[in-house]
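Heads up, the thing below is written out as structure tokens.
Residue numbers (my numbering), protein chains in the order written: chain A, 226 to 388; chain B, -6 to 347.
Okay, structure coming up:
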């Protein structure tokens, strides 16, 4: 059966649509007219490597955020991923959303620093970090069933908390 | 002190002393620090690098006031050969030697510490000693860091700790490395034990010259992988009280087993190595390292006394390419080096003090 497009009445109809709502009807359109009505998606040829790239992007959690540029040093998250080096200390804040999962993975799930604090930092930072460290040690003591050490750590923690 | 003077000695990490020195060659700790007001080096411009270099160099007297012979090397200006000497002595990294722009290293006269400026991070504080001496090194490195942190603003975040150019160093910025000599475990094909012991505590095992290198001369480096979520003391303790003593025990057992079950094979290995070193007319640095390994072990298990451990350590360092050329006083190509090396080895073995 050969149809001519019902819309332009010129080209050969290659798209056949059956509507069921509001009433049943059949329509026969050419490719161009069908595209205008958004009945079909016309797509230019996409090279395989582009498809692959897009796939990797999605699978690796790449998102729009990867295009965020640090206002301080001017690098994007993608540039960081290529080089493995951040551009400035601000990047840790600017890229936090994408960077934090990587940091967590690289450091066995750790998300907080519990070590040394620069001597001239605020007292509150010293206390904060020490508390984190002591809580970690308390957990470790409990895991190893070192109850005396655990009791001591618990006392140290409450003393520090009540300061 | 100058680089020329350095090349006449073996340097701190090859003194062959310190706890467990029969297996532990050396211990090292380094801290990564960055100045908060400047970009990291991957984006720093020429003027940034110069400013960072100056800012840190200006504070060096505060940490080396008592060390009259300590010295600063401008790595950017230094001769290629001098840079290689520093790499062979583990005072700077390969990366630092090959870098670009304003950079340098401040070296303590006894070579137990160095401050690398503008390597991957603005500042890397390094402590290095022979044998297992992590606690001593940490006390020193920690003090240098404290002093500098009073005078410089290091990039620091309440949650993430010290901020570093690569997020794998963030937090403490600490890298602890211990170099081990494990010939018997290699011979008895039990080196897997080391990987397992290290893996349990998430430590990496590498060859002599770091990442991705082969275990030349049966030398292995163990180092921590993670720098966040644990305190410096906890990281150091994992080495000093758990992993290293265990590996030392494995190696000593393997040496004892070899001596008990295969004494002729063991002695043959040692004496053949000595025979080649003592007679070769041309020899490469890798072969030298490989042959020094059984001799080092032979001395430690008391089966060989034709030379002593100091001589082995001298041979180990002074026959490496840059040292060899420095001592010869001229640049030599590969073939000429092999001849000079063989000569040097025969000399050192002949003038042995033992």
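Glycine included, every Cβ here is placed at the ideal spot set by N, Cα and C.
- Query: Would you say residue 87/B faces chain A, with C-beta separation under 8 Å as the test?
  - Reply: no
- Query: Would you call residue 165/B buried or exposed, if buried means 16 or more other Cβ atoms sit within 10 Å of its Cβ?
  - Reply: It is buried - the Cβ of residue 165/B has at least 16 other Cβ atoms within 10 Å.
- Message: Suppose only complete runs of 3+ residues qualify. What are the beta strand (DSSP E) ranges in the segment 204 to 275 of chain B, listed by chain order?
- Response: 212 to 217
- Query: Are the C-beta atoms of residue 233/A and some chain B residue less than 8 Å apart?
  - Reply: No, residue 233/A does not count as interfacial toward chain B.
- Message: Is there a Cβ of chain A sitting closer than 8 Å to that of residue 349/B, yes or no?
- Response: What the structure shows of chain B is the stretch from -6 to 347, and residue 349/B is not part of that stretch, so it cannot be assessed.
- Query: In angstroms, rounded to a whole number, what distance separates the CA positions of residue 18/B and residue 347/A?
  - Reply: Straight-line Cα distance between these residues: approximately 40 Å.
- Message: Is it buried or exposed, residue 229/A, if we count other Cβ atoms within 10 angstroms and call 16 or more buried?
- Response: Under this definition residue 229/A is an exposed residue.
- Task: Quick one: grab the DSSP three-state call for residue 149/B.
- Result: strand
- In the structure shown, what three-state DSSP assignment does residue 190/B receive? helix
- Item | Residue closest to residue 154/B, alpha-carbon to alpha-carbon, out of 318/A, 378/A, 386/A and 244/A | 318/A
- For residue 147/B, go through chain A and note every residue whose CB falls closer than 9 Å to its CB, in chain order. 343
- Uninterrupted alpha helix (DSSP H) stretches inside the segment 60 to 117 of chain B (no shorter than 4 residues): 73 to 81 and 87 to 91
- Item | Distance between residue 160/B and residue 199/B (C-alpha atoms, nearest Å) | If you take the alpha carbons of residue 199/B and residue 160/B, they lie about 21 Å apart.
- Item | Test: residue 220/B CB closer than 8 Å to a CB of chain A | yes
- Item | Interface partners of residue 298/A on chain B, CB under 7 Å | 32 and 36
- Kindly indicate if chain B contains any beta-carbon less than 8 Å away from that of residue 328/A. yes
- Message: What residue range does the alpha helix (DSSP H) around residue 384/A cover?
- Response: Start and end: 372 to 386.
- Message: Quick check: what's the CA-CA separation for residue 239/A versus residue 255/A?
- Response: 5 Å
- Query: Would the segment 121 to 130 of chain B and the segment 312 to 326 of chain A be scored as touching if the rule is three or more Cβ pairs under 8 Å?
  - Reply: no
- Message: Which residues of the segment 123 to 150 of chain B have a Cβ closer than 8 Å to any Cβ of chain A? Give them in chain order.
- Response: Cβ contacts with chain A: 135, 138, 139, 142, 143, 147, 148, 149 and 150.
- Query: Whose Cβ in chain B lies nearer than 8 Å to the Cβ of residue 308/A?
  - Reply: 35
- Can you grab the Cα-Cα spacing for the pair residue 336/B / residue 321/B, in whole Å? 11 Å
- Query: Would residue 387/A be called buried (16 or more neighbouring beta carbons within 10 Å of its own) or exposed?
  - Reply: exposed
- Between the segment 233 to 242 of chain B and the segment 307 to 319 of chain B, do at least 3 Cβ pairs fall closer than 8 Å? When Cβ pairs closer than 8 Å are counted between the two stretches, the segment 233 to 242 of chain B is seen not to touch the segment 307 to 319 of chain B, the count staying below three.
- Using a Cβ-Cβ distance under 8 Å, would residue 347/B count as near chain A? Bear in mind that the predicted position of residue 347/B carries a pLDDT of just 48, short of 50, making it too unreliable to give a figure here.
- Which one or two residues does DSSP pair with residue -6/B in a beta bridge? According to DSSP, which records beta bridges pairwise, residue -6/B is partnered with nothing at all.
- Message: Contact criterion: CB-CB distance below 8 Å. Does residue 168/B meet it with respect to chain A?
- Response: no
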